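Participant: Take any residue in the sequence shown, note its place counting from 1, add 33, and you have its number in our numbering. Even glycine gets a Cβ: it sits at the ideal position worked out from N, Cα and C. These numbers come from a predicted model, not from an experiment. Please find one structure pasted underneath; my questions will follow.
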Amino acid sequence: MTGPASLDIDGLAAEYARGLQRPIHGTDIPYETWVQEVLKPLDLPAHVEQHLVTMAQLHRAGRYDRATEDVENVTGQAPSTVGRYVAEHPELFS
Numbered sequence: 034m035t036g037p038a039s040l041d042i043d044g045l046a047a048e049y050a051r052g053l054q055r056p057i058h059g060t061d062i063p064y065e066t067w068v069q070e071v072l073k074p075l076d077l078p079a080h081v082e083q084h085l086v087t088m089a090q091l092h093r094a095g096r097y098d099r100a101t102e103d104v105e106n107v108t109g110q111a112p113s114t115v116g117r118y119v120a121e122h123p124e125l126f127s
């Protein structure tokens, strides 16, 4: 299921900025740098690490680049935007 819009890193940063009411800038980290410098140091269980690696590869390949009406069809409510969620839960993003 997806939200109301497909967001790239800049679009996601703009939503966070809207929700937190401060400048946020996205940075596209090269895949190998992300794996070695961000993911590996977390020392996650192998199956979790593999899942995140697979999700990252699919994301980079554009496999999640879509917006659907699934949330509304399943829940009967319009999906929230990232910005709205962040604004409603600022304690999660401090």
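Output needed for ALA38: all residues of its chain with C-beta closer than 6 angstroms, excluding positions within five of it in sequence on either side, in chain order.
Facilitator: ALA100, listed in sequence order.
Participant: Over what stretch of residues does the alpha helix (DSSP H) that includes GLN90 continue unbroken?
Facilitator: Start and end: 79-93.
Participant: Is the beta carbon of GLU121 closer than 9 angstroms to that of GLY44?
Facilitator: Going by C-beta atoms, GLY44 is not nearer than 9 angstroms to GLU121.
Participant: Identify the continuous alpha helix (DSSP H) that holds LEU40 and give its terminal residues.
Facilitator: Neither: LEU40 is in no alpha helix (DSSP H) and is coded neither H nor E.
Participant: Quick check on TYR97: does DSSP put it in helix, strand or coil?
Facilitator: Three-state result, TYR97: coil.
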